[in-house]
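Trainee: Pasting in a structure now, in structure tokens, and then I'll have a few things to ask.
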Amino acid sequence: GGSKPSGGDLMADLHAKLSMRRRGISGAERAGGSVLHTLASYIPEPDQSSPARSSSEDDWE
Numbered sequence: 001g002g003s004k005p006s007g008g009d010l011m012a013d014l015h016a017k018l019s020m021r022r023r024g025i026s027g028a029e030r031a032g033g034s035v036l037h038t039l040a041s042y043i044p045e046p047d048q049s050s051p052a053r054s055s056s057e058d059d060w061e
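According to the UniProt record's numbering, numbering within the sequence shown proceeds without interruption in unit steps and concludes at 61.
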């Protein structure tokens, strides 16, 4: 079966969860998820590369 999630879906799901976590622990960095918080710090905010905007691909041309 196709139990394996595709790379895009996995990253989209991870990004969504990290975004929710970021909002939830904005003032408490040590809320038990220090590892995820550290990973989240390496991921840029979706201001420029939001997957909801298909027009962002035009910027690369």
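Backbone N, C-alpha and C define an ideal beta-carbon position, used for all residues, glycine too.
Quick check: residue 62 and Arg23, are their CB atoms within less than 8 Å of each other?
Mentor: For the chain, the structure presents residues 1 to 61; residue 62 sits outside this window and is missing.
Trainee: Are the beta-carbon atoms belonging to Ile43 and Leu10 less than 8 Å from one another?
Mentor: Taking the first residue of the sequence shown as position 1, residue 43 is located at position 43. Taking the first residue of the sequence shown as position 1, residue 10 is located at position 10. No. Outside cutoff.
Trainee: Determine the direct distance from the alpha carbon of Ser41 to that of residue 109, and round the result to whole angstroms.
Mentor: In the structure displayed, the chain extends from 1 to 61; residue 109 sits before or after that span and is not available.
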